[in-house]
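Worksheet: one structure, shown below.
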Amino acid sequence: QKEVEQNSGPLSVPEGAIASLNCTYSDRGSQSFFWYRQYSGKSPELIMSIYSNGDKEDGRFTAQLNKASQYVSLLIRDSQPSDSATYLCARGGAGNNRKLIWGLGTSLAVNP
Amino acid sequence: KAGVTQTPRYLIKTRGQQVTLSCSPISGHRSVSWYQQTPGQGLQFLFEYFSETQRNKGNFPGRFSGRQFSNSRSEMNVSTLELGDSALYLCASSLGRGGNEQFFGPGTRLTVL
Chain A
983 QKEVEQNSGP
993 LSVPEGAIAS
1003 LNCTYSDRGS
1013 QSFFWYRQYS
1023 GKSPELIMSI
1033 YSNGDKEDGR
1043 FTAQLNKASQ
1053 YVSLLIRDSQ
1063 PSDSATYLCA
1073 RGGAGNNRKL
1083 IWGLGTSLAV
1093 NP
Chain B
40 KAGVTQTPRY
50 LIKTRGQQVT
60 LSCSPISGHR
70 SVSWYQQTPG
80 QGLQFLFEYF
90 SETQRNKGNF
100 PGRFSGRQFS
110 NSRSEMNVST
120 LELGDSALYL
130 CASSLGRGGN
140 EQFFGPGTRL
150 TVL
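Chains as they are written, first to last, in this note's numbering: chain A, 983 to 1094; chain B, 40 to 152.
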């Protein structure tokens, strides 16, 4: 079982719809989670960090964390063609092995 | 605040050569992590430097090495290049140790011929 798993997609949604991206993780001790957006040929860009159970909203983006079920999701409301990118999920580490553990990413295509 | 900078942005080398890549983190950030990204492989962690010390290392051969200077700037070196080393090399800086929010530079695209 991979430590952080994401559906590779592609996830295709029409413009204006809600895109829902999901990520599951295996380490129950994980405390911090991050969503990054990566456009083709570019570097990842941090869009959301979440540390507590529940929802965190930032503009059109909402991150949802459920530690009991070990999943974190990203909702993108009113999806725009400019949201078409690969979305990477990462969980933070702790202790001496403090590094981010990454999923392989979900490709999102927003169709005009 | 200026972001993370990486130089050079593009490199073309031949097999057997060596290469040095540079990364300047965001001002005040003390941790620099390096990643290799190839299509279909995702982000592969190379190593993390914090306060001039390597704190974590990924599963890469010894041909890959790095260092960090007192101003937090970091370099990574790849010796005896192989075709499979062709990739996007990314560095990311963070305020504290690498398990926190990381901010990426634009990357160095290395092509090995």
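Using N, Cα and C, we set each Cβ at its ideal position, and we do this for glycine too.
Judged by DSSP in its simplified three-state form, proline 64 of chain B adopts coil rather than helix or strand.
Taking CB atoms only, serine 1002 of chain A has no neighbour in chain B less than 8 Å away.
With 16 or more other CB atoms across the displayed protein chains lying within 10 angstroms of its CB, phenylalanine 1015 of chain A is buried.
CA-CA distance, proline 992 of chain A to alanine 1001 of chain A, rounds to 12 Å. In this structure isoleucine 1083 of chain A is buried. Its beta-carbon is surrounded by 16 or more other beta-carbon atoms within 10 angstroms. Two segments are said to touch when three or more pairs of C-beta atoms, one from each, lie closer than 8 Å; by this definition the region 49 to 62 of chain B does not touch the region 1054 to 1074 of chain A. Taking C-beta separations shorter than 6 Å and ignoring five residues to either side along the sequence, the partners of serine 104 of chain B in its chain run Asn116, following chain order. Leaving aside the five residues that flank threonine 44 of chain B on each side, the residues in its chain whose CB is nearer than 7 Å to its CB run, in chain order, Ser63, Gly144. In the DSSP assignment, glycine 1011 of chain A falls outside any beta strand (DSSP E) and carries neither an H nor an E.
With its beta carbon less than 8 Å from one in chain A, asparagine 139 of chain B belongs to the interface. For the C-beta of proline 145 of chain B, the chain A residues within less than 7 Å are, from N- to C-terminus, Ser1025.
Contact between glutamate 985 of chain A and tyrosine 1007 of chain A holds: CB atoms are separated by about 6 Å, below the 8 Å threshold. Between the alpha carbons of tyrosine 88 of chain B and leucine 1003 of chain A lies a gap of roughly 31 Å.
Here leucine 1057 of chain A carries a strand assignment [DSSP, helix/strand/coil].
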